[in-house]
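Trainee:
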Amino acid sequence: MANAIAGLLLGSAVTAAEVELEVFTGPRGKESVQPVYPPMAQQNLREGWVQMHFMVSPDGRPYEIAVTDSMGSTAFHRSAVRALEKSLFEPARLNDAPIDAGYSRKFYFQIQGNPGARGQFLTTHRAIREAIGADDRERARQLIDDLTARNHYEDALLHLAKFYYLAKWGEPDAQLRALDRAIAHETTAKYLPEEVFIHALLAHFGLLTQMRDYHRALEAFESLSAFELDEETRAALQADAEQMRILKTDDRAYSVAGEIDDSATWYFDLFKDDFAVLDVHGEIAEVKLRCDRKYVFFRFDPAVAYHVNDAYGNCHLTLVGNPGTTFQLRQM
């Protein structure tokens with residue numbers, strides 16, 4: 001497992017041999033261990049899911065596992081991580097040689113025969129929408145606070161309601177977090193009615209674009225491309241996506257504001273090959289890059305700008321530091 005920054009420093013020499021790619025195949029499952037349903041959650045009919053990003057070693061073992069999003073208690077986290085640690089993968093291969101590579105997986109915890117959202121839950125959800133429409137912020141907030149989701153369907157609806165509330169009275173970053181949970185990293189209408197899911201995806205694409213999270217915005221665009229959209233909407237989306245693809249390869253720089261959360265981490269999918277972390281208020285200790293074809297980690301140096309070797313592919317950035325630390329991620 002690499003722990004050096006060779007090939008990463010901005011301005012370092014890159015030879016043709018380093019970037020030439022002939023045949024690359026990503027990891028795939030081989031012996032998947034299913035997680036154990038936490039007994040207390042199962043007894044109480046509580047569902048959950050856990051989204052993880054990790055590396056797969058040349059011998060097919062997962063490592064550097066990060067829970068990047070989830071629904072439910074930390075008991076689901078622990079069960080999912082334990083199952084993943086016991087799983088085995090076919091490693092990624094470059095020119096038929098096994099290499100380290102980034103991968104992701106989502107584990108589901110679902111009660112068999114679950115009929116969906118409860119009637120009372122749906123009634124309260126409608127009451128929240130009505131309160132928001134009537135500009136009754138206090139009642140909407142109270143109803144949201146009193147609503148408890150038991151399953152995937154209810155969690156999606158609850159966070160959709162939170163998004164509607166935050167769209168009127170909240171900040172874009174909070175709106176995005178609510179939509180992330182409502183969509184639940186799905187590309188099809190699994191928990192929401194299809195029409196509602198499409199509208200959520202459109203709002204998600206808009207917020208990701210506004211927050212300059214262009215890698216994920218293009219993923220949202222790909223999801224939307226699978227649905228029937230009116231020609232005006234489809235043309236507008238295609239125009240925005242094309243502008244992002246141009247930005248990815250040109251020399252324009254832009255910044256994204258970040259803050260390390262209570263888990264002492266901050267995650268972001270890099271969009272351009274060159275980046276620096278500036279205007280740090282607090283402490284960042286470590287930088288990790290889980291890339292399509294490489295894993296790299298190193299101590300953070302605020303005076304250094306970094307260049308990601310083209311051969312590494314897309315990279316998922318993790319900053320590790322003190323909770324509450326704020327900064328600007330500069331991509332160039």
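Under the working numbering, the residues of the sequence shown are numbered 1 to 332, in order.
Beta carbons are placed, not taken as given, at the ideal position from N, Cα and C, and that holds for glycine.
Three-state secondary structure (DSSP) at P62?
Mentor: Strand, per DSSP.
Trainee: Considering G133, what are the terminal residues of the alpha helix (DSSP H) in which it resides?
Mentor: Unbroken alpha helix (DSSP H) run through G133: 119-133.
Trainee: Say whether the stretch 48-56 touches the stretch 71-84, bearing in mind that this needs 3 or more beta-carbon pairs closer than 8 Å, one atom from each stretch.
Mentor: These segments touch.
Trainee: In terms of residue numbering, what span does the beta strand (DSSP E) encompassing T74 cover?
Mentor: Per DSSP, T74 belongs to no beta strand (DSSP E); it is in the alpha helix (DSSP H), 74-86.
Trainee: Taking the alpha-carbon positions, what's the D100 to E31 distance?
Mentor: If you take the alpha carbons of D100 and E31, they lie about 18 Å apart.
Trainee: Please report how far the alpha carbon of K248 lies from the alpha carbon of T124, in whole angstroms.
Mentor: Their Cα atoms are separated by approximately 44 Å.
Trainee: Suppose you measure from the CA of V23 to the CA of R93; what does that come to, to the nearest Å?
Mentor: So the two alpha carbons sit approximately 8 Å from each other.
Trainee: Given D173, which residues of its chain have a CB within under 8 Å of its CB, disregarding the five upstream and five downstream residues?
Mentor: Taken in chain order, the residues that qualify are M211.
Trainee: Can you find the residues in the same chain that come closer than 7 Å, C-beta to C-beta, to R330, ignoring five residues on each side of it along the sequence?
Mentor: A253, S255, F275, A276, L278, listed in sequence order.
Trainee: Report the CB separation of I59 from H185 in whole angstroms; it is logged as a contact under 8 Å.
Mentor: As written in the sequence, residue 59 is Asp, which differs from the Ile given in the question. Between H185 and D59 the Cβ distance is about 28 Å, and since that is not below 8 Å, they are no contact.
Trainee: On the CB-based measure, 16 or more other CB atoms within 10 Å of its CB, does T233 come out buried or exposed?
Mentor: T233 comes out exposed.
Trainee: I'd like the span of the beta strand (DSSP E) that includes M244, first residue to last.
Mentor: Taken as a continuous stretch (DSSP letters only), M244 belongs to no beta strand (DSSP E), being part of the alpha helix (DSSP H) at 231-249.
Trainee: Using alpha carbons as the reference points, say which of F163, H316, T148 lies closest to D292.
Mentor: Of the candidates F163, H316, T148, the one whose C-alpha sits nearest the C-alpha of D292 is H316.
Trainee: Just to confirm the assignment, what range does the beta strand (DSSP E) spanning A101 have?
Mentor: First-last of the beta strand (DSSP E) with A101: 101-109.
Trainee: Per the DSSP calculation, E31 is bridged to which residue(s)?
Mentor: Answer by DSSP bridge pairing, in chain order: L88.
Trainee: Are the Cβ atoms of L224 and L202 separated by less than 8 Å?
Mentor: Their beta carbons are under 8 Å apart, which means L224 touches L202 by this criterion.
Trainee: According to DSSP, is V296 part of a helix, a strand, or is it coil?
Mentor: Reduced to three states, the DSSP call for V296 is strand.
Trainee: Excluding the 5 residues preceding and the 5 following L166 in the sequence, name in chain order all residues of the same chain whose CB lies nearer than 7 Å to its CB.
Mentor: Around L166: A174, Q175, A178.
Trainee: Might you give, ordered along the chain, the residues of its own chain that have their beta carbon closer than 6 Å to the beta carbon of G116, omitting 5 neighbours on each side?
Mentor: Answer for G116: Y153, listed in chain order.
Trainee: List the endpoints of the continuous alpha helix (DSSP H) containing K272.
Mentor: That residue, K272, is in no alpha helix (DSSP H); it is neither H nor E in DSSP.
Trainee: Would you call H199 buried or exposed, if buried means 16 or more other Cβ atoms sit within 10 Å of its Cβ?
Mentor: Looking at its Cβ environment, which holds fewer than 16 other Cβ atoms inside 10 Å, H199 is exposed.
Trainee: For my contact list, F107 and P35 are in at a C-beta cut-off of 8 Å; report their separation, rounded to the angstrom.
Mentor: Yes, they are in contact, since the Cβ atoms of F107 and P35 sit about 5 Å apart, within 8 Å.
Trainee: Quick one: measure Cβ to Cβ for D273 and V304, integer angstroms, because I've assumed they're closer than 8 Å.
Mentor: Going by Cβ atoms, the distance from D273 to V304 rounds to 15 Å, so no, they are not a contact pair.
Trainee: Can you give the Cα-Cα distance for E195 and F227, rounded to whole angstroms?
Mentor: C-alpha separation (whole angstroms): 10 Å.
Trainee: Within 10 Å of its beta-carbon, does F159 have 16 or more other beta-carbons around it, so buried, or fewer, so exposed?
Mentor: Correcting the residue identity first, residue 159 is His in this sequence and not Phe. By the neighbour-count rule (16 or more Cβ atoms within 10 Å), H159 is buried.
Trainee: DSSP puts W49 in a beta bridge; with which residues?
Mentor: BP columns for W49 point to M71, Y108.
Trainee: Is G102 buried or exposed, if buried means 16 or more other CB atoms sit within 10 Å of its CB?
Mentor: Classification of G102: buried, given that the 10 Å Cβ count is 16 or more.
Trainee: Quick check: what's the CA-CA separation for E231 versus I183?
Mentor: One C-alpha to the other measures close to 24 Å.
Trainee: Measuring CB to CB, does K294 end up less than 8 Å from Y306?
Mentor: No, they are not a contact pair.
Trainee: Taking the alpha-carbon positions, what's the A127 to F197 distance?
Mentor: Taking the straight line from one Cα to the other gives about 20 Å.
Trainee: Within the continuous alpha helix (DSSP H) that includes I198, where are the two ends?
Mentor: Looking at the DSSP string, the run of the alpha helix (DSSP H) that includes I198 is 194-210.
Trainee: Can you tell which of Q238, R290, R61 has the C-alpha that lies nearest to the C-alpha of R82?
Mentor: Cα-wise, what sits closest to R82 is R61.
Trainee: Under the rule that 16 or more other beta-carbon atoms within 10 Å means buried, what is P38, buried or exposed?
Mentor: Its Cβ being crowded by 16 or more others within 10 Å, P38 is buried.
Trainee: If the criterion is Cβ atoms closer than 8 Å, does the pair T318 and A66 meet it?
Mentor: Against a cut-off of 8 Å, the Cβ pair of A66 and T318 comes out as a contact.
Trainee: State buried or exposed for S87, treating a residue as buried only when at least 16 other CB atoms are found within 10 Å of its CB.
Mentor: S87 is buried by the Cβ-count criterion.
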